[in-house]
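Residue numbers (our numbering): 2 to 100.
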Ligand code: HBI
């Protein structure tokens with residue numbers, strides 16, 4: 002379940018996350034989110050941080066005012082795992098929920 006996704010598993014899962022870019026090596030997923038202002042961006046980061054702590058899976062990310070760039074990768078398997086797919090899905094849900 003949390004092992005490294007192989008070449009047969011990855012394509013369909015990535016296709017289900019159209020707003021995320023996968024690096025050529027297939028080891029990381031990245032998406033930039035844009036918000037109305039810093040407060041909205043930081044609220045999103047707070048919600049993602051709470052998810053990250055609950056799942057012991059943490060983003061690599063950066064924030065510039067209303068923009069948040071999020072990258073998910075699983076260092077323990079040196080690539081992408083289902084944990085990254087779930088994390089990206091959760092980010093998309095939080096993004097959609099902010100209205
Ligand atoms: N978060 N995204 C991500 N990837 C990991 O491999 C990871 C993590 N958070 C915690 C974690 N690994 C720990 O289990 C170890 O690094 C100690």
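Note that the Cβ used here is the ideal one computed from N, Cα and C, for glycine as well.
Treat the numbers as computed from the prediction; the structure is a model and nothing was measured.
According to DSSP, residue pairing for residue 73 in a beta bridge involves 30.
One thing to note: residue 78 has its Cβ no nearer than 8 Å to the Cβ of residue 31. The three-state secondary structure of residue 80, taken from DSSP, is strand.
Ordered along the chain, residues surrounding the ligand HBI are 57, 58, 59, 73, 74, 75, 76, 77 [Cβ under 6 Å from any heavy atom].
The residue among 20, 28, 69 with its C-alpha nearest the C-alpha of residue 38 is 69.
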